[in-house]
């Protein structure tokens with residue numbers, strides 16, 4: 017699930033091109049905080065784990081399409097984003113870098129290309 021983040025806004029976009037930001041406001045807020053004002057494009061997967069931490073699509077279906085999930089829904093069906101690739105930072109295309117180099121930028125929180 018590619019996610020784009022620019023300044024104080026965020027769009028969560030499925031691989032089919034559907035915008036699902038409204039269903040996962042807590043993920044959008046976390047990405048905005050992580051971006052710290054930079055424009056980012058990351059590749060991630062959003063999951064909804066059960067009480068044992070196992071991702072469950074049935075739980076995901078309870079969140080998808082909800083325009084304004086209540087705090088209760090966010091608490092009872094929590095979502096987590098697993099970011100596994102950093103594709104762009106402030107318009108700079110990082111895809112020419114090796115995958116492990118992009119992962120290192122994520123691991124170290126180096127969201128600006130140096």
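In the working numbering, the protein residues as written are 17 to 130. Beta carbons are placed, not taken as given, at the ideal position from N, Cα and C, and that holds for glycine.
If I'm right that residue i touches residue j with Cβ under 8 Å, what's the distance once you round it to whole angstroms?
i           : j          : result
residue 108 : residue 58 : Between residue 58 and residue 108 the Cβ distance is about 13 Å, and since that is not below 8 Å, they are no contact.
residue 39  : residue 81 : 7 Å
Compare the Cα-Cα distances from residue i to each of the options and report the closest residue.
i          : options             : result
residue 96 : 45, 24 and 31       : 45
residue 41 : 78, 26 and 72       : 26
residue 94 : 49, 66, 104 and 110 : 66
residue 48 : 24, 120 and 61      : 24
residue 60 : 120, 31 and 110     : 31
Do you know how far the Cα of residue j is from the Cα of residue i?
i          : j           : result
residue 88 : residue 112 : 42 Å
residue 71 : residue 124 : 26 Å
residue 73 : residue 79  : 10 Å
residue 85 : residue 119 : 31 Å
Got a sec? Which residues, its chain only, sit under 6 Å from residue i by beta carbon, not counting five neighbours each side?
i          : result
residue 91 : none
residue 76 : 64
Using C-beta distances below 7 Å, list every residue in its chain close to residue i, excluding the 5 sequence neighbours before and after it, in chain order.
i           : result
residue 116 : none
residue 122 : 99 and 102
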